[in-house]
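J.: Chains as they are written, first to last, in the working numbering: chain A, 1 to 278; chain B, 1001 to 1307. Beta carbons are placed, not taken as given, at the ideal position from N, Cα and C, and that holds for glycine. Source: prediction; values computed, not measured. What follows is a single structure, and I will ask about it in a moment.
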Amino acid sequence: MPTPSQKLPRTVLFVQRELAASFRARWFLVYSIAFLVSGLLLAAFGAGDVAIHGYRGFARAFAGLVHLALLFVPLMALFPATAAIAEERESGALEYLLAQPITFGEAFVGKWGGVSVAVFLALTIGFGAAGTVAVMRGVPVALLVALYGFVVLLALAFVSVGLLISTLVTSRARATTLGVLTWLILVALGSLGILVAFVRWGISENLLVLWSFANPVEAFRLGIVGILDADLSLLGPVGAQVMDRFGPVGTPALAAVTLVVWIVVPGLLGWLRFRRPA
Amino acid sequence: MIEARGVTKRFGSHAVLDGIDLQVKAGERVALLGLNGAGKTTLMRCLLGLIRYDGDLRIGERDVRAEPREARALLGYVPQRAPHFDGTLAEVVEFFGRLRGIERHVVLERLDSLGLSIAEHGSKTVATLSGGMLQKLLLALALGDDTPLLLLDEPTANLDPRARHEFLRALRRVDRRTTVLLASHRLADVQAVAERMLVLHHGGLVFDGTMHELWERVGATVTLWLRVPPNVRDEARDRLRTRYQLPSTAANGAAFGVCVVRGGGADVLVDLRKAGIPVEEFWTESPSLQDLLEGVLSPHGGVDAHS
């Protein structure tokens, strides 16, 4: 414990606590190791003989990392975030925590920060290792850095979404269920929904683009497409439309802004819900 | 230390607290009593700034609504059930010590004084500690560096008799300058800790006084159980019936009860002795806190150990 002069801001104490809790959780280790191993395997064996804008031999490795991120990152962020508040509310720990000399805002920001740092570290380790191998296999560093940036934004967006869910329910089981449902809707069914809407109902192109950017996972995918500048294997049904409209600079920029909105808005809503006393 | 003016808390149209006015001076030991749903925990939560309320509530010089963090810095809280915490005892002590701004050695001294040594238990995960140890941990953290106000919400409700005894003993040793507000359903806890009783009912404060005044208010009596030799039992009963109520006989008929005022049992024993009636065994039975509360709340008052 500190002397008075060594006191840390209370928010930082919460960040440290959430960080420690995340690293103690088995799921976190499982996901982190799975992400690390999958990333390494994809980077090592995913290189193919496909050329994109002069780069050779990296498309499959890069696409593998993108799809790995699409699948894993939302889950890695959602699980700790949905548990962060609901679990402690369920056990009574939250009331005890909030009975301490802190503000609700400090507690919420501390929890958001703690989960974010934990996920960030896990991603950085996994991505760092896989990225190193990918670079050795010919993937340009600039592309990996851009992908890593989008991965972090995607993770933070899902941390905010997860924390919002966590403030809305009173048990961890419900929070986890809602988290998985969110993942299913946004990740697994997002592209399928767009495809069905386009093919079956023939929705307008404007609505299609709006729908795509409304989903953080699709925004992430479009951002990557923009960086790659038209890798058809990654474009998906909307990619070409978006690239036509916003171009190779506008598309990733818009995608990044969308993800930032997905970080801020659910985060704010979660904070508003959290600070409202029961 | 605590000042409440017109504190009202409604859940929908139901007022759990209905315009509570209250003052608790520094150093007072106050019990917050009431039947289930009377508003005790709700008042505690208002004091902790955990729920919204109407009216004014101050802890020390701090307005709970406007300065919740500063108000909470003046109090330590022990809930009914120790919450589940991840990590070891040492880690939990470290975190809450830092959060509350308490020096490490202060917390360790508190824990030692409560019989919970970090050297012995520090590496144990909190989940493996007994309920009594956890409540001691929370009490040590709540006491902190001479916290001015202790809020205790039925802190012994889930403890076994031994752990409850140890907890109450620790509580009695708390610095006299510390103000204590204890919500409890146990008469023994209240008598061990509090000098002033506040009774809440239907969101209002219906009694404010000492335990003695509470007994007087409800006209509560203690039942003195007597066992005398069978050949003089009828004589003893007839003799006592002229002066006391004899409402009960034990199930096996070997003992009978005499209603006496608090502290009045000795007169009965002297009376029997003068009459040459030997008493083989005697014991007393006090009314429960629930009985006392029901006595306060009933329109005509009155309660005894059999009610």
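Check whether the Cβ of P248 (chain A) lies closer than 8 Å to any Cβ atom in chain B.
T.: In the first sequence, counting from the first residue as 1, residue 248 (chain A) sits at position 248. Closer than 8 Å: no.
J.: Using a C-beta cutoff of 8 Å, does D1086 (chain B) count as contacting chain A?
T.: To locate residue 1086 (chain B), count along the second sequence from 1; it is residue 86. For D1086 (chain B), the answer is yes, since a Cβ of chain A falls inside 8 Å of its Cβ.
J.: Using a threshold of 8 Å, state whether the C-beta atoms of G1006 (chain B) and G1055 (chain B) are closer than that.
T.: Counting from 1 along the second sequence, the entry for residue 1006 (chain B) is found at position 6. Counting from 1 along the second sequence, the entry for residue 1055 (chain B) is found at position 55. Yes, the pair counts as a contact, with Cβ atoms nearer than the cut-off.
J.: Find the residues of chain B that neighbour P101 (chain A), judging by a C-beta separation of less than 8 Å, and give them in chain order.
T.: Here residue 101 (chain A) is taken as the residue at index 101 of the first sequence, counted from 1. Within 8 Å Cβ-Cβ: R1069, E1070, R1072, A1073, L1099, R1100 and G1101.
J.: On the CB-based measure, 16 or more other CB atoms within 10 Å of its CB, does G105 (chain A) come out buried or exposed?
T.: As a working mapping, residue 105 (chain A) is identified with position 105 in the first sequence. G105 (chain A) counts as exposed, since fewer than 16 other C-beta atoms from the protein chains shown sit within 10 angstroms of its C-beta.
J.: Which residues does DSSP list as the beta-bridge partners of V1261 (chain B)?
T.: For the purposes of this step, residue 1261 (chain B) is taken as residue 261 along the second sequence, with counting starting at 1. DSSP output for V1261 (chain B) lists B:T1221 as bridge partner(s).
J.: Residues in the same chain with beta-carbon distance under 6 Å from E1154 (chain B), minus the five sequence neighbours each way, listed in chain order, please.
T.: The residue labelled residue 1154 (chain B) in the question sits at position 154 within the second sequence. Closer than 6 Å at the Cβ level, and outside the excluded window around E1154 (chain B), lie Q1080, A1183 and S1184.
J.: Would you mind sorting W183 (chain A) into buried or exposed? The rule is 16 or more other CB atoms within 10 Å of its CB.
T.: On the first sequence, position 183 is the one that residue 183 (chain A) refers to. It is buried - the Cβ of W183 (chain A) has at least 16 other Cβ atoms within 10 Å.
J.: What do you reckon, are the CB atoms on L1047 (chain B) and K1040 (chain B) nearer than 8 Å?
T.: As a first step, residue 1047 (chain B) is located in the second sequence; it is residue number 47 there, counting from the start. As a first step, residue 1040 (chain B) is located in the second sequence; it is residue number 40 there, counting from the start. K1040 (chain B) sits away from L1047 (chain B), with the two beta carbons spaced by 8 Å or more.
J.: Between which two residues does the beta strand (DSSP E) containing I1059 (chain B) stretch?
T.: Along the second sequence, read from residue 1 onward, the residue named residue 1059 (chain B) stands at position 59. Note, I1059 (chain B): beta strand (DSSP E), D1054 to I1059.
J.: Could you pull the DSSP bridge partners for E1281 (chain B) from this structure?
T.: As a working mapping, residue 1281 (chain B) is identified with position 281 in the second sequence. B:R1227.
J.: Let me see if you follow: with CB-CB separation under 8 Å, is S116 (chain A) close to chain B or not?
T.: In the first sequence, the residue the question calls residue 116 (chain A) occupies position 116. No, no contact with chain B.
J.: Return yes when the Cβ of V1206 (chain B) is within less than 8 Å of the Cβ of Q1135 (chain B), no when it is not.
T.: Against the second sequence, residue 1135 (chain B) aligns to sequence position 135. Against the second sequence, residue 1206 (chain B) aligns to sequence position 206. Not a contact, by the Cβ cut-off of 8 Å.
J.: How big is the Cα-Cα spacing for P248 (chain A) and V225 (chain A)?
T.: Along the first sequence, one-based indexing puts residue 248 (chain A) at 248. Along the first sequence, one-based indexing puts residue 225 (chain A) at 225. Rounded to the nearest angstrom, the two C-alpha atoms are 8 Å apart.
J.: So, are the CB atoms of S1298 (chain B) and V1222 (chain B) less than 8 Å apart?
T.: Indexing the second sequence from 1 puts residue 1298 (chain B) at position 298. Indexing the second sequence from 1 puts residue 1222 (chain B) at position 222. No, the pair does not count as a contact, with Cβ atoms beyond the cut-off.
J.: Using 8 Å as the limit for Cβ to Cβ distance, is R1081 (chain B) near chain A?
T.: Numbered from 1 along the second sequence, position 81 holds the residue referred to as residue 1081 (chain B). Closer than 8 Å: yes.
J.: With C-beta atoms as the reference, is L70 (chain A) less than 8 Å away from V209 (chain A)?
T.: For this step, residue 70 (chain A) is matched to residue 70 along the first sequence. For this step, residue 209 (chain A) is matched to residue 209 along the first sequence. No, these two residues do not count as a Cβ contact at 8 Å.
J.: Does the beta-carbon distance from A86 (chain A) to R172 (chain A) come in below 8 Å?
T.: Position 86 of the first sequence holds residue 86 (chain A). Position 172 of the first sequence holds residue 172 (chain A). Contact flag set, yes.
J.: Scan the stretch 1165–1180 of chain B for residues whose Cβ lies nearer than 9 Å to a Cβ of chain A and list them as they occur along the chain.
T.: none
J.: Name the chain A residues that come within less than 7 Å of L1048 (chain B), Cβ to Cβ?
T.: The residue you call residue 1048 (chain B) lines up with position 48 of the second sequence. Chain A residues near L1048 (chain B): A99.
J.: Expressed to the nearest angstrom, what Euclidean distance is found between the alpha-carbon atoms of G110 (chain A) and F127 (chain A)?
T.: As a working mapping, residue 110 (chain A) is identified with position 110 in the first sequence. As a working mapping, residue 127 (chain A) is identified with position 127 in the first sequence. Taking the straight line from one Cα to the other gives about 25 Å.
J.: Is the distance from the Cβ of L1089 (chain B) to the Cβ of L1143 (chain B) below 8 Å?
T.: Counting from 1 along the second sequence, the entry for residue 1089 (chain B) is found at position 89. Counting from 1 along the second sequence, the entry for residue 1143 (chain B) is found at position 143. Contact check for L1089 (chain B) against L1143 (chain B) fails: the beta carbons are separated by 8 Å or more.
J.: Exposed or buried, what is S116 (chain A) when buried is set at 16 or more other beta-carbons lying within 10 Å of its beta-carbon?
T.: What you label residue 116 (chain A) is simply residue 116 of the first sequence in a count that begins at 1. By the 16-neighbour rule on beta-carbons within 10 angstroms, S116 (chain A) is buried.
J.: Within 10 angstroms of its Cβ, does M1133 (chain B) collect 16 or more other Cβ (buried), or is it exposed?
T.: Residue numbering aside, residue 1133 (chain B) sits at position 133 when the second sequence is read from its first letter. M1133 (chain B) should be labelled buried.
J.: Relative to the C-alpha of L1017 (chain B), which candidate in B:V1092, B:G1027, B:A1254 and B:R1052 has its C-alpha closest?
T.: Locating residue 1017 (chain B) in the second sequence gives position 17, counting from the first residue. Taking only the C-alpha atoms, the option nearest L1017 (chain B) is B:R1052.
J.: What are the start and end residues of each continuous beta strand (DSSP E) run of 3 or more residues lying completely inside the stretch 1093–1157 of chain B, in chain order?
T.: 1149–1153
J.: Which residues in chain B have a C-beta closer than 8 Å to the C-beta of S91 (chain A)? List them in chain order.
T.: In the first sequence, the residue the question calls residue 91 (chain A) occupies position 91. P1083 and H1084, listed in chain order.
J.: Any C-beta of chain B sitting closer than 8 Å to the C-beta of L168 (chain A)?
T.: Residue numbering aside, residue 168 (chain A) sits at position 168 when the first sequence is read from its first letter. No, no contact with chain B.
J.: Quick one: grab the DSSP three-state call for Y1077 (chain B).
T.: Taking the first residue of the second sequence as position 1, residue 1077 (chain B) is located at position 77. For Y1077 (chain B), the secondary structure class from DSSP, reduced to helix, strand or coil, is strand.
J.: Are the C-beta of D1056 (chain B) and some C-beta of chain A separated by less than 8 Å?
T.: Position 56 of the second sequence, counted from the start, is the residue given in the question as residue 1056 (chain B). D1056 (chain B) does not count as touching chain A.
J.: Run through DSSP, which three-state label would F150 (chain A) get?
T.: Here residue 150 (chain A) refers to the residue found at position 150 when the first sequence is read from its first residue. Note: F150 (chain A) maps to helix in three-state DSSP.
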